[in-house]
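Heads up: the structure comes next, in structure tokens.
In my numbering, the protein residues as written are 1 to 61.
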């Protein structure tokens, strides 16, 4: 991990917090799409950084 991934997730959490603060969760369709995207991003990060297979990670680094 580096500073860019940390900053990216901070931006995601701030964006989610803004939605909670302004009540955007009342728009269920848009909120559900956002939750699915957040879970996909977190799953990709988990597979790429936490579960490397052998010496090759998900990104081939």
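Quick reminder that beta carbons are idealized off the backbone N, C-alpha and C, glycines included. Every value quoted in this text rests on a predicted model; they were computed, and no experiment measured them.
Which of helix, strand or coil DSSP assigns to residue i
i          : result
residue 34 : helix
residue 23 : coil
Min CB distance residue i to chain E below 8 Å
i          : result
residue 40 : Annotation note: the requested chain E is absent from the structure, which comprises a single protein chain.
Residues of its chain near residue i, where Cβ-Cβ distance is below 8 Å and the 5 sequence neighbours each way are ignored
i          : result
residue 19 : 25, 31 and 34
residue 12 : 38 and 41
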